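Everything below concerns the one structure shown next.
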Amino acid sequence: MTTRIRSILEQLEQTREDLLALSDDIWLSIDHNDSQALEDGVAFKKQYNAKVAAFDKLAGELSALVQQFTAVKLDDGTSEGDRSARGRERTNRDLDQYQAHGLDEDFTFKRPYGFRLEEEAQSDIKTWRRLYELICLSLQKRDPGRFSRLPDDPRFTTRRGNPVFSRDPLALRSAMPLPGGIYAEVNLSANHLRDQMKLLLMKSTFRSGTSYSKDSRQDQTRDYCLGQVFAVF
């Protein structure tokens, strides 16, 4: 029963992420030099975004209700391993079975699996939101002071003036609570979450990370120009 409930909750999260990815795909497929196609695309996006926002809100409330009643938590399935040398070795062996990816890749319709960030490694991650949350939690532990100032950093404000981090959950479309009274916007597609993770790693100047997918059993590490590397899917 618990496995089935968690599977349904994970599918619900994945559907939310897929709907956001589909929006990006459709928008990129429009010929922006065709004024009529662009006009139709804008009209579609407005309707689509409104309905996805409504679905996202309902899905979040439904997920919270089920988790509260059943005591089955989405993050219970994440394998953080223990912090002992043996625990880290076990998680790293698990990750070594999968292909590493970099933050310059397209994450559309891909599924996360785990990540490495310096000495930290985690696996069995099912959604991009959860991966993003774990990266944020890891960086917050490393430098709580710097993390607490993220809402004041202009780089974490979109071109339309929307905050990516805030101390007020009502300022975000879908707020994910983090330590220190910080909230993160998570109504974002996989590629937009990727961009935020890249910014976070650049700001925090972490030097290593790796990403993994279920598509291949080959391991490969990517380094970034500012010294971050990273681990996902």
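For the sequence shown, my numbering begins at 375 and goes up steadily by one. Beta carbons are placed, not taken as given, at the ideal position from N, Cα and C, and that holds for glycine. On a predicted model such as this, the values are computed, not experimentally measured, just so you know.
Item to check | Contact set for G488: own chain, Cβ-Cβ below 6 Å, skip 5 residues either direction | outcome: L469, Q496, S497, I499 and Y586
Checklist entry - By DSSP, does L552 sit in helix, in strand, or in coil? => result strand
Next on the checklist: So the candidates are Q441, W502 and D405; which of them puts its Cα closest to the Cα of M375?
Outcome noted: Q441
Checklist entry - To the nearest angstrom, how far is it from the Cα of A445 to the Cα of R490? => result 29 Å
Next on the checklist: Rounded to the nearest angstrom, what separates M550 and E559 at their Cα positions?
Outcome noted: 6 Å
Next on the checklist: So for T465, helix, strand or coil by DSSP?
Outcome noted: helix
Next on the checklist: Beta-carbon within less than 6 Å of Y506's beta-carbon, same chain only, minus the 5 sequence neighbours each way: which residues are those?
Outcome noted: L567
Checklist entry - If we count the other Cβ atoms within 10 Å of its Cβ and call it buried at 16 or more, is P511 buried or exposed? => result Just to set this straight, residue 511 is Leu in the shown sequence, not Pro. L511 should be labelled exposed.
Next on the checklist: On the DSSP bridge list, what partners appear for E493?
Outcome noted: DSSP lists no partner for E493.
Item to check | Between the CA atoms of Q410 and L448 - distance to the nearest angstrom | outcome: 43 Å
Next on the checklist: Three or more C-beta pairs under 8 Å: does that hold for the segment 420-434 against the segment 463-483?
Outcome noted: no
Checklist entry - Counting only runs that start and end within the segment 409-460, where is the beta strand (DSSP E) found for 3 or more residues in a row? => result none
Checklist entry - Looking only at C-alpha atoms, which of R503, M576 and N536 sits nearest to S563? => result R503
Checklist entry - So P525 and R547 are in contact, right, with Cβ under 8 Å, and what is the actual spacing, rounded? => result At roughly 15 Å, the Cβ-Cβ gap does not stay under 8 Å, so P525 and R547 are not in contact.
Next on the checklist: For S397 and K420, what's the separation of their Cα atoms in angstroms?
Outcome noted: 10 Å
Item to check | Secondary structure of T389, DSSP reduced to three states | outcome: helix
Item to check | Coarse secondary structure for Y557, derived from DSSP in three states | outcome: strand
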